[in-house]
Amino acid sequence: MKYIQSFLVLFVVVFNLACSTTAQIPEQHTGWDMCADIQKRIIPPTFADKDYLVTKFGAIGDGVTDCTQAFKDAVSECSKNGGGRVVVPEGTFLTGAIHLQSNVNLHIVKSAVVKFSTDKSKYLPVVFTRWEGVECMSYSALIYAYGVENIAITGEGVLDGQGSNANWWSWCGKDVYGWKDGMPSQKPARKKLLEMAEKNIPPEQRVLGDGSYLRPNFFQPYKCKNILVEGVTFKNSPMWFHNPVLCENFTIKNVAIEGLGPNNDGCDPESSKDVLIEGCSFNTGDDCIAIKSGRNTDGRRVNVPCENLIIRNCTMKDGHGGVVIGSEISGSVRNVFAENCSMDSPMLDRALRIKTNSVRGGVVENVYCRNISVGQVAEAAVLVDFNYEEGDKGDFPPTVKNVYVENMVCKTCPHVLWLKGYQRSPIQNIHLSNCVFTNATGENIIEHVTGLELKNVIINGKLVDSK
1059 MKYIQSFLVL FVVVFNLACS TTAQIPEQHT GWDMCADIQK RIIPPTFADK
1109 DYLVTKFGAI GDGVTDCTQA FKDAVSECSK NGGGRVVVPE GTFLTGAIHL
1159 QSNVNLHIVK SAVVKFSTDK SKYLPVVFTR WEGVECMSYS ALIYAYGVEN
1209 IAITGEGVLD GQGSNANWWS WCGKDVYGWK DGMPSQKPAR KKLLEMAEKN
1259 IPPEQRVLGD GSYLRPNFFQ PYKCKNILVE GVTFKNSPMW FHNPVLCENF
1309 TIKNVAIEGL GPNNDGCDPE SSKDVLIEGC SFNTGDDCIA IKSGRNTDGR
1359 RVNVPCENLI IRNCTMKDGH GGVVIGSEIS GSVRNVFAEN CSMDSPMLDR
1409 ALRIKTNSVR GGVVENVYCR NISVGQVAEA AVLVDFNYEE GDKGDFPPTV
1459 KNVYVENMVC KTCPHVLWLK GYQRSPIQNI HLSNCVFTNA TGENIIEHVT
1509 GLELKNVIIN GKLVDSK
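Written out as structure tokens, the structure reads:
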């Protein structure tokens, strides 16, 4: 009889587990099962075994000669003939914008440096882009691709955007980056762009190129599939470093990203799906990784979420946040998995950060973090803030729900939790388990949160369990 009873108990447990597995991922283990399924779909592109040296197309690696045309010709010839590698050999090569085409792997060998020109005309004519989450016509990214498949940037060399207070950065309009009264600033054009978007002016008519001072990103593939970035070092972007927009199957692996300029986000996947960020190091002037999906009315018009992202084995140093979602998330974000990452710097503000407001709107759901090692952060280990920038001044209250943090260890932080929702739209279902926080110098800040659960969480040597 006892064997029959045991069997019945086991049957009920298995049956209940099966019934509870839904697309909404109500249980933590189910979320990580989804991570494995996402991984199976992320397959880096492969390329024909044929090389096209840029030097064969007239490029000279003296750091002075303009090689823009040579890069253009090499990429075109490579793609036209079925693809392969466009190889940058040893030397320093100066160029303007590089536009990748299908089946092209831009390969920078060890001891090769590609420097991007400080001549702003080299990033014109304008291209279709997203700038801070809003579609428009503006400067080309330093490396750009639109509507192509199977592209890559690989190698052991260096890509230098030459961003500095003397080049690009002062356009942000802040004196700390070299701006002074009377100098060009992006602020008027930024305001104009946001106003055009709110008026639903078509993106093709939002032309903001020469004279608008909107800094371009470093690498922006737009509406592309099957993308790989591996092994190279990126330095000193004009603005964000990596910004795949409306892309599918994007892998960035073992890449070093170094730039302490304004808005120097490291990797910002936007309205993209099936993304892997693995083994990368970030030392940035803004968020290390920031997941986005468009801004305000324009984001809701496009209405494509960023979903199915895996972040693992990464190192974060300086930056506003390690793993960040927002603030341009009007198209929503879901299914984010971060594991085995290390974060440590007095100039790193937060480990996990979700920033939004009622002008942005959108839904953030199913965020899973585990095995995160944090040395120190300047503000909070886990932050969800509905009062970012405009705060509660819109008609689109955001939703944040189902956030799981497991096995996080943080040595120093002013706050473990900084959670500020709205009374009309509280933050939902924040779960921390098996975490240790030492030298937490301030109290948790918790406003308008439902479903907060702490299980086996130790703060300053004290066990804190709550439901």
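Numbers given in the working numbering equal positions in the sequence shown, counted from 1, plus 1058.
Think of the CB as a built atom: it goes at the ideal place given N, C-alpha and C, for glycine as much as any other residue.
Next item on the list: Give me the Cα-Cα distance between P1242 and M1466, rounded to the nearest whole angstrom.
Entry: Numbered from 1 along the sequence shown, position 184 holds the residue referred to as residue 1242. Numbered from 1 along the sequence shown, position 408 holds the residue referred to as residue 1466. Approximately 44 Å between the Cα atoms of the pair.
Next item on the list: Spatial neighbours of K1180 within its chain, please: CB distance less than 7 Å, with the 5 preceding and 5 following residues excluded, ordered by chain position.
Entry: Counted from its first residue, the sequence shown places residue 1180 at position 122. Within the same chain, K1180 has close Cβ partners T1126, G1154, A1155.
Notebook entry, point to check: Does the beta-carbon of S1270 have 16 or more other beta-carbons within 10 angstroms, so that it is buried, or is it exposed?
Noted result: Indexing the sequence shown from 1 puts residue 1270 at position 212. Classification for S1270: buried.
Checklist line | Backbone secondary structure at K1232 - three-state DSSP | finding: Within the sequence shown, numbered from 1, the residue matching residue 1232 stands at position 174. If DSSP states are grouped into helix, strand and coil, K1232 belongs with coil.
Check: So the alpha helix (DSSP H) Q1220 belongs to, where does it begin and stop?
Finding: In the sequence shown, counting from the first residue as 1, residue 1220 sits at position 162. First-last for Q1220: undefined, no H or E at that position.
Item checked: Contact belief for G1267 with V1184 at Cβ below 8 Å, rounded distance in angstroms -> The count along the sequence shown starts at 1 and reaches residue 1267 at position 209. The count along the sequence shown starts at 1 and reaches residue 1184 at position 126. 4 Å between Cβ atoms; contact.
Notebook entry, point to check: When the distance is taken between beta carbons, is V1440 closer than 8 Å to L1475?
Noted result: As a working note, residue 1475 is residue 417 in the sequence shown. As a working note, residue 1440 is residue 382 in the sequence shown. Closer than 8 Å, so yes.
Note to self: Using C-beta distances below 8 Å, list every residue in its chain close to V1112, excluding the 5 sequence neighbours before and after it, in chain order.
What the structure shows: The residue you call residue 1112 lines up with position 54 of the sequence shown. The answer, listed in chain order, is C1125, A1128, F1129, A1132, V1144, V1145, V1146, P1147, F1151.
Check: Going by beta carbon distance, what residues of the same chain come within less than 7 Å of L1251, once the five residues before and after it are set aside?
Finding: To locate residue 1251, count along the sequence shown from 1; it is residue 193. Excluding sequence neighbours, L1251 sits near W1189, V1192, C1194, R1264, L1266.
Note to self: When you measure from the CB of P1327 to every non-hydrogen atom of the ligand ADP, does any distance come out below 7 Å?
What the structure shows: For the ligand ADP, the structure offers nothing, since it holds no ligand at all.
Notebook entry, point to check: Do the region 1308-1318 and the region 1229-1238 make contact, defined as three or more Cβ pairs closer than 8 Å?
Noted result: no
Note to self: Tell me the rounded alpha-carbon separation between V1515 and W1227.
What the structure shows: In the sequence shown, counting from the first residue as 1, residue 1515 sits at position 457. In the sequence shown, counting from the first residue as 1, residue 1227 sits at position 169. Each residue's Cα considered, the two are about 42 Å apart.
Margin query: Which of the three DSSP states is assigned to A1203 in this structure?
Written below: As a position in the sequence shown, residue 1203 is number 145, starting the count at 1. Here A1203 sits in strand by DSSP.
Checklist line | Cα-Cα separation, F1277 to L1164 | finding: Residue numbering aside, residue 1277 sits at position 219 when the sequence shown is read from its first letter. Residue numbering aside, residue 1164 sits at position 106 when the sequence shown is read from its first letter. Looking at the two C-alpha atoms, the distance is approximately 12 Å.
Checklist line | Buried or exposed (CB count within 10 angstroms, at least 16 for buried), T1342 | finding: Translated into positions along the sequence shown, residue 1342 becomes position 284. Label assigned to T1342: buried.
Item checked: As assigned by DSSP and simplified to three states, the class of F1065 -> As a first step, residue 1065 must be located in the sequence shown, where it is residue number 7. For F1065, the predicted structure reports a pLDDT of 38, less than 50, and the residue's modelled location is therefore unreliable. The matter cannot be settled from this model.
Notebook entry, point to check: What residue range is occupied by the uninterrupted beta strand (DSSP E) comprising T1187?
Noted result: Taking the first residue of the sequence shown as 1, we reach residue 1187 at position 129. 1185-1189 is the span of the beta strand (DSSP E), which, as asked, contains T1187.
Next item on the list: Output the distance between the C-alpha atoms of D1407 and G1377, rounded to the nearest integer angstrom.
Entry: Stepping through the sequence shown from its first residue, residue 1407 is reached at position 349. Stepping through the sequence shown from its first residue, residue 1377 is reached at position 319. Whole-angstrom Cα-Cα distance: 7 Å.
Notebook entry, point to check: Looking at C-alpha atoms only, which residue of E1135, I1430, Q1097, V1382 is the closest neighbour of F1495?
Noted result: For the purposes of this step, residue 1495 is taken as the residue at position 437 of the sequence shown. It is I1430 whose Cα lies nearest to the Cα of F1495.
Next item on the list: Pick helix, strand or coil for S1524, following the three-state DSSP scheme.
Entry: What you label residue 1524 is simply residue 466 of the sequence shown in a count that begins at 1. Correct three-state label for S1524: strand.
Margin query: Helix, strand or coil, according to DSSP, for G1121 in the structure here?
Written below: As a first step, residue 1121 is located in the sequence shown; it is residue number 63 there, counting from the start. If DSSP states are grouped into helix, strand and coil, G1121 belongs with the strands.
Notebook entry, point to check: Quick one, which of A1203, S1175, I1412 has its alpha-carbon nearest G1121's?
Noted result: As a working note, residue 1121 is residue 63 in the sequence shown. Answer by Cα proximity: S1175.
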